[in-house]
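Just below is one structure, and these are the notes that go with it.
Quick look at the structure:
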């Protein structure tokens, strides 16, 4: 029987994708997913550092796993890159790997050369076996990845030089490859997005835009893009594995195919992202292709033209506004102003049929006045967002905005503004979904709920799925299973639900 692992992921779509890479690595080495309530042989926590709240949740998760008797807890991700010392000192954490390390190869080394020996503490082995403690971890050879005996410390990863002999007892691991290459090419793929009907496809990493509230450019420094042909091959594998929908994602997706996220430094007006989207849309069997977060400068006519022409490119875009005030946008160091956002909304509405537009908004950014917030509400109404992810400003150490303490907005004012924004979101969401009452929509089934109180017949189960325009739909069905594509008629919408009737064929 194989060894058990637990994998906890906090944070964004990119983190979720990278956790899938870790999952495939573990399972290729004979591990299997353990019971959530039982101890495992290895626990991996993929951390987020985008807000102080996210970091607190990471620490709570790590401590809980350690208390539950995990003999080995490995911590990876943005939280490590931002707070390596803090996380490595939590009792029970035996190794930390950040973005400056090669996470996949680091975990491989831990598995191959440390976890087989259950009689020694991992930390003890790493602290005493550090002859190459300052060398970067890397693969030995092109065909297989062979790991040398002494390879990692809790603060870094190492490997033997290619010229050094490889231990004859060292196992040979499938060539998953390093997470990134430093020459601007993003490597590493997944074959299946476990426990999800929708699969994320990471095609870009890194950011150098340096919004004043954001820590990510300090953690994911190197910009890389996945070659188009590699992304297409990965999409084919995901479709073969049964995924009908793929969401293209990245840290700064608009920088796909670019050496920088700063548009003023783009060498030309070409649209690499549009080329990628068109190529992915041709993958046989891919029913739905969705794009994650974009900014006004990313949504050009070429990209919208692809979305308009390709039937599997859904009319949904996530377009973070953050603020509707020019002064706040300037202080945020965003690469657009209010008029740019308005023009983008107009372009999207002209190009796409009843598009669904979702967004992110930060409330209470340092210096935000009531006039600034009213400008945000006005632009929210104009844009007609069907979903808003709203966040109170959270200062991140080592960012410019964290230093503007004298401009911090009172917490009570922030909570009151969030309440007003949330009320407006409910109004806009209801209005958008109401436009589809009586219409037939295509839905990809995601789950069922046999216990739901809205169920009207014991022979039928309540199903949940999402439409092309992202909003969720509940309907009853006797046989529909997750992954099925069905047609439904939208019957009724409330602030909490959209209810529909399953149609025959």
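Residue numbers (our numbering): 36 to 540. C-beta atoms are modelled at their ideal positions from N, C-alpha and C, and glycine is treated no differently.
Look at residue i and residue j and say whether their C-beta atoms are less than 8 Å apart.
i: residue 270; j: residue 236; result: yes
i: residue 111; j: residue 144; result: no
i: residue 377; j: residue 417; result: yes
i: residue 525; j: residue 533; result: yes
i: residue 542; j: residue 131; result: The structure shown does not extend to residue 542, since the chain is modelled only from 36 to 540, so the question has no answer here.
i: residue 427; j: residue 394; result: no
i: residue 419; j: residue 465; result: no
i: residue 518; j: residue 279; result: yes
i: residue 281; j: residue 85; result: no
i: residue 347; j: residue 321; result: yes
i: residue 326; j: residue 383; result: no
i: residue 147; j: residue 97; result: no
i: residue 431; j: residue 528; result: no
i: residue 423; j: residue 460; result: yes
i: residue 248; j: residue 411; result: no
i: residue 452; j: residue 408; result: yes
i: residue 373; j: residue 414; result: yes
So residue i and residue j are supposed to be a Cβ contact under 8 Å. How far apart are they, rounded?
i: residue 243; j: residue 285; result: Actually they are not in contact, since the Cβ atoms of residue 243 and residue 285 sit about 13 Å apart, beyond 8 Å.
i: residue 399; j: residue 442; result: 10 Å between Cβ atoms; not a contact.
i: residue 330; j: residue 289; result: 6 Å
i: residue 6; j: residue 371; result: For the chain, the structure presents residues 36 to 540; residue 6 sits outside this window and is missing.
i: residue 389; j: residue 470; result: 7 Å
i: residue 71; j: residue 101; result: Residue 71 to residue 101, Cβ: 16 Å. No contact.
i: residue 310; j: residue 263; result: 7 Å
Counting only the same chain and skipping the five closest in sequence on each side, list residues whose C-beta sits under 6 Å from that of residue i.
i: residue 391; result: 351, 421, 504, 505
i: residue 515; result: 480, 498, 521
i: residue 41; result: 69, 75, 78
i: residue 387; result: 350
i: residue 216; result: Summary for residue 216: the model assigns pLDDT 45, below 50, so the residue's position carries little reliability, and this model does not support an answer.
i: residue 397; result: 357, 426, 428
i: residue 449; result: 398, 399, 427
i: residue 261; result: 221, 238
i: residue 444; result: 399, 403
i: residue 439; result: 401
Identify, in the order they occur along the chain, each residue of the same chain with its Cβ nearer than 7 Å to the Cβ of residue i, setting aside the five sequence neighbours on each side.
i: residue 50; result: 44, 81, 83, 112
i: residue 55; result: 225, 228, 229
i: residue 335; result: 306
i: residue 92; result: 45
i: residue 60; result: 139, 142, 143, 211
i: residue 246; result: 367, 368, 369
i: residue 274; result: 318, 320, 321
i: residue 88; result: 429
i: residue 277; result: 518
i: residue 203; result: Confidence is the limiting factor: at residue 203 the pLDDT is only 26, short of 50, which leaves the residue's position unreliable and the question unanswerable from this model.
Quick check: is the beta carbon of residue i nearer than 8 Å to any beta carbon in chain D?
i: residue 42; result: You won't find chain D in this structure, because it holds only one protein chain.
Identify, in the order they occur along the chain, each residue of the same chain with its Cβ nearer than 8 Å to the Cβ of residue i, setting aside the five sequence neighbours on each side.
i: residue 65; result: 37, 38
i: residue 295; result: 243, 258, 301
i: residue 535; result: 476, 478, 508, 509, 510, 523, 524, 525, 526
i: residue 538; result: 475, 521, 522, 523, 524
i: residue 190; result: A caution first: residue 190 carries a pLDDT of 29, below 50, which makes its placement in the model unreliable, though a value can still be read off. Taken in chain order, the residues that qualify are 119, 123, 131.
i: residue 530; result: 461, 464, 465
i: residue 472; result: 525, 526, 527, 528
i: residue 436; result: 247, 248, 366, 367, 400, 401, 428, 430
i: residue 73; result: 39
i: residue 406; result: 360
The ligand NAP and residue i: does any heavy atom of the ligand fall closer than 7 Å to the residue's C-beta?
i: residue 395; result: As for the ligand NAP, it is missing from this structure, which has no ligand bound.
Three or more C-beta pairs closer than 8 Å, one from the stretch 252-260 and one from the stretch 111-120: is that the case here?
-> The answer is yes - the stretch 111-120 touches the stretch 252-260, with three or more Cβ pairs under 8 Å.
Can you give, in chain order, each stretch of the beta strand (DSSP E) that sits fully within the stretch 397-449 and has at least 3 residues?
-> If we require 3 residues or more, the beta strand (DSSP E) runs fully inside the stretch 397-449 come out as 422-427.
Note down, one range per segment and in chain order, each alpha helix (DSSP H) of at least 4 residues found wholly within the stretch 309-369.
-> Here the runs fully enclosed are 336-344, 361-367.
How do the stretch 359-373 and the stretch 310-321 stand: do at least 3 beta-carbon pairs fall below 8 Å, yes or no?
-> Too few Cβ pairs lie closer than 8 Å, so no.
Let me know the alpha helix (DSSP H) ranges lying completely inside the stretch 70-146, each 4 residues or longer, listed in chain order.
-> Every unbroken stretch of the alpha helix (DSSP H) spanning 4 or more residues and falling wholly within the stretch 70-146 is given here in chain order: 87-102, 113-123, 138-145.
Taking the runs of the beta strand (DSSP E) that are 3 residues or longer, which of them lie wholly in the stretch 249-290?
-> Here the runs fully enclosed are 280-285.
Only counting runs of 3 or more residues, tell me where the beta strand (DSSP E) segments fall wholly within the stretch 452-488, in order along the chain.
-> Whole beta strand (DSSP E) segments, 3+ residues: 475-484.
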